[in-house]
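Before any comments, here is the structure.
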Amino acid sequence: MMNFRSALTVLFIFFLSIVAKAQYTMHKMVSVGYTYQNQSFGEVGGKLLFLKNDDVIYRLGGSALMGSAGSKFAIMPKLQADVLLNFEKNVDFYHSYYLLIGAEGTNKYIAPKIGVTLFGLLDLAGGYAFPIGDARLNGKEMKGLNVNLTLNIPTVFIHDMFK
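What follows is the structure, encoded as structure tokens:
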């Protein structure tokens, strides 16, 4: 458990130093999605999106994975950090896709991932999860293929929708 906290602290300091170097714009998003990690999980959470220009975007997020593991309902907290890359400069809104590189971690596993995202709103990513020690979720080992499909909804959009 200490290794997970140490890795999380280093990741947090890394992203904090990136944000401190330049003036970044921050946007809040609500995220819902599906995660497969030796079991199917629904995901609900939030993300912060940091951008200075439109070719490199940083995201930090936290969510709850909910599903059935070992025939029992289980909830796992999840933290994640992503970098979205698009190699076309100064085209603003007309970027339709980004390369997504990141990592996610729970109290049971850490998973580096790679994928694509459309406008930063719809993510499809995959990776491989490495268990933390001998951690299990209701007797089920959390290692192996990791697949994520996530919809990120900006809070500005939600606010405007209910006006």
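Position in the sequence shown counted from 1, then plus 862, gives you our numbering.
Note that beta-carbon positions come from the ideal geometry of N, C-alpha and C, so glycine has one too.
For residue i, the first and last residue of its enclosing beta strand (DSSP E)
| i | result |
| --- | --- |
| ILE919 | 918 to 931 |
| GLN942 | 934 to 947 |
| LYS909 | 902 to 913 |
Pair within 8 Å by beta-carbon distance, residue i and residue j
| i | j | result |
| --- | --- | --- |
| ILE972 | LEU962 | no |
| PHE949 | LEU927 | no |
| LEU1013 | LEU980 | no |
| GLY907 | LYS890 | no |
| ASN915 | GLY1006 | no |
CB-CB length for residue i against residue j, believed under 8 Å
| i | j | result |
| --- | --- | --- |
| ILE1020 | VAL892 | 7 Å |
| TYR898 | GLU905 | That belief does not hold up - the Cβ atoms of TYR898 and GLU905 are roughly 11 Å apart, past 8 Å. |
Beta-carbon proximity list for residue i, same chain, < 6 Å, skipping 5 on both sides
| i | result |
| --- | --- |
| GLY932 | ASN1000, GLY1001 and LYS1002 |
| MET863 | Bear in mind that a pLDDT of 49 at MET863, under 50, signals an unreliable position, so the model cannot answer this. |
| GLY989 | ALA973, PRO974, LYS975 and ASN1008 |
| LEU941 | GLY924 and GLY967 |
| ALA987 | LEU962, LYS975, GLY977 and ASN1010 |
| ALA936 | LEU999 and ASN1000 |
| THR1017 | LYS890 |
| LYS934 | ASN1000 |
| VAL894 | VAL906 and LEU1013 |
Contacts around residue i, its chain only, beta-carbon distance under 8 Å, and the 5 residues preceding and following it disregarded
| i | result |
| --- | --- |
| LYS1025 | none |
| ALA997 | ASN969, LYS970, TYR971 and MET1004 |
| PHE992 | TYR971, ILE972, ALA973 and LYS1005 |
In DSSP terms, what residue i is bridged to
| i | result |
| --- | --- |
| ILE976 | ILE963 and GLY988 |
| TYR896 | GLY904 and LEU1011 |
| ARG867 | Answer is none; ARG867 lacks a bridge partner. |
| LEU983 | Note: LEU983 sits in no beta bridge, so no partner. |
| GLU950 | Bridge partners of GLU950: none, in fact. |
| LYS1025 | Answer is none; LYS1025 lacks a bridge partner. |
| MET891 | LYS909 and PRO1016 |
| TYR886 | Partner(s): none; TYR886 has no beta bridge. |
Contacting residues, own chain, Cβ-Cβ under 7 Å from residue i (five flanking each side not counted)
| i | result |
| --- | --- |
| SER958 | LEU980 and PHE981 |
| ILE1015 | MET891 and VAL892 |
| GLY929 | GLN901, SER902, PHE903, GLY904 and ALA936 |
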